[in-house]
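Take the sequence shown: its letters are residues 11 to 86, numbered as in the numbering used here.
All C-beta atoms, glycine included, are put in the ideal place defined by N, C-alpha and C.
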Amino acid sequence: MRNVTVSLDDETARWARIEAARRDTSLSRYVGDLLREQMTEPEAYERAQQSYLSRGPVTLRVPGQQYPTRDEVHQR
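Shown next, in the form of structure tokens:
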């Protein structure tokens, strides 16, 4: 694990310390977790998208039947 120095303005540093305390963790761990989350989020989104797209199209109606009207769908 590497040590990194980060400079923050007073207001941001105060907010970060409070958020870390709310989570019962150190400021260092809190910032590391935020960065790790930002690093892995695009990968998780990509996996979810690929999973969804691999399922193929979903049929919304029985073949040979017409789609319901707008009023039927909304029960007006």
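Please name the residue in the options whose C-alpha comes closest to that of residue i.
i, options, result
"N13", "T22, D34, I28, V41", "V41"
"L37", "D81, Y62, E47, R24", "R24"
"Q43", "P52, A30, E53", "Reading off the sequence shown, one finds Asp at residue 43, where the question assumed Gln. Nearest of P52, A30, E53 to D43, Cα basis: A30."
"M11", "Q60, R39, R27", "R39"
Helix, strand or coil for residue i per DSSP?
i, result
"P67", "coil"
"E76", "Going by the sequence as given, residue 76 is Gln instead of Glu. It is coil, neither helix nor strand."
"Q60", "helix"
"V14", "coil"
Hey, would you say residue i sits closer than 8 Å to residue j, going by beta carbons?
i, j, result
"R71", "Y62", "no"
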